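**Student:**
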Amino acid sequence: MAATLTVRDETPAGGVTNEWSLEFLNETITVRELIRERVYQEVQDYNVKRQASGPYRGLVQPEGLELALNGPRTGAKAHPIDWKKQYEKAVEAFETNRVLILIDDRQAESLDQTFTIAPTTSVTFLRLTLLVGG
Numbered sequence: 314m315a316a317t318l319t320v321r322d323e324t325p326a327g328g329v330t331n332e333w334s335l336e337f338l339n340e341t342i343t344v345r346e347l348i349r350e351r352v353y354q355e356v357q358d359y360n361v362k363r364q365a366s367g368p369y370r371g372l373v374q375p376e377g378l379e380l381a382l383n384g385p386r387t388g389a390k391a392h393p394i395d396w397k398k399q400y401e402k403a404v405e406a407f408e409t410n411r412v413l414i415l416i417d418d419r420q421a422e423s424l425d426q427t428f429t430i431a432p433t434t435s436v437t438f439l440r441l442t443l444l445v446g447g
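If you're matching positions, the sequence shown starts at 314 in our numbering and goes up one per residue.
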């Protein structure tokens, strides 16, 4: 049975910056599947709307050539973003604690951690900024 999950991005101060729903074929999923679906959906949405939308604002940002191809433009069509590259970057960000995922206010510990989607399940993505200096 398909399950719908509402996810949100929050700042460390608790402000919600984005919120949307994701569809899953199964009610029990892994953190890895959650990240994959989130990144896939936001990249697909951006690629469909890229002529009318501003810069890509996903879980992780494109780098290098991908960033150069999709940087600010006036009237030019942006190149599509590769969801697989963004997924790999998002997994790395999770593994290095640059992105925290809270499932019902409990921090996800591993990519293979499973959880069951219920109507009351809440998922929050917190993107952390590393501080420079000492």
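Glycine included, each C-beta is placed from N, C-alpha and C at the ideal position.
From a predicted model like this one, the values you see are computed outputs, not experimental measurements.
So, for L413: in the same chain, excluding its five sequence neighbours on each side, which residues have a beta-carbon less than 7 Å away from its beta-carbon?
**Tutor:** Counting only Cβ-Cβ distances below 7 Å, and skipping sequence neighbours, we find Q420, L439 and L441.
**Student:** Between the region 316 to 333 and the region 399 to 409, are three or more C-beta pairs nearer than 8 Å?
**Tutor:** Short answer: they don't touch.
**Student:** Among residues of its own chain, excluding the 5 on either side of Q354, which ones have a beta-carbon nearer than 7 Å to its beta-carbon?
**Tutor:** Excluding positions up to five away in sequence, the list reads L335.
**Student:** Grouping DSSP H, G and I as helix and E and B as strand, with all else coil, what is E350?
**Tutor:** Of the three classes helix, strand and coil, the one that applies to E350 here is helix, per DSSP.
**Student:** Taking E332 as part of the beta strand (DSSP E), name the residues at either end of that continuous run.
**Tutor:** It spans V329 to F337 - the beta strand (DSSP E) in which E332 sits, taken as one unbroken run.
**Student:** Can you tell me whether Q426 is helix, strand or coil according to DSSP?
**Tutor:** DSSP places Q426 in coil when its eight states are reduced to three.
**Student:** Quick check: the Cα distance between V356 and T343, rounded to an integer number of angstroms?
**Tutor:** Cα-Cα distance, rounded: 20 Å.
**Student:** Quick one: grab the DSSP three-state call for R419.
**Tutor:** The answer is strand: DSSP assigns R419 an E or B state.
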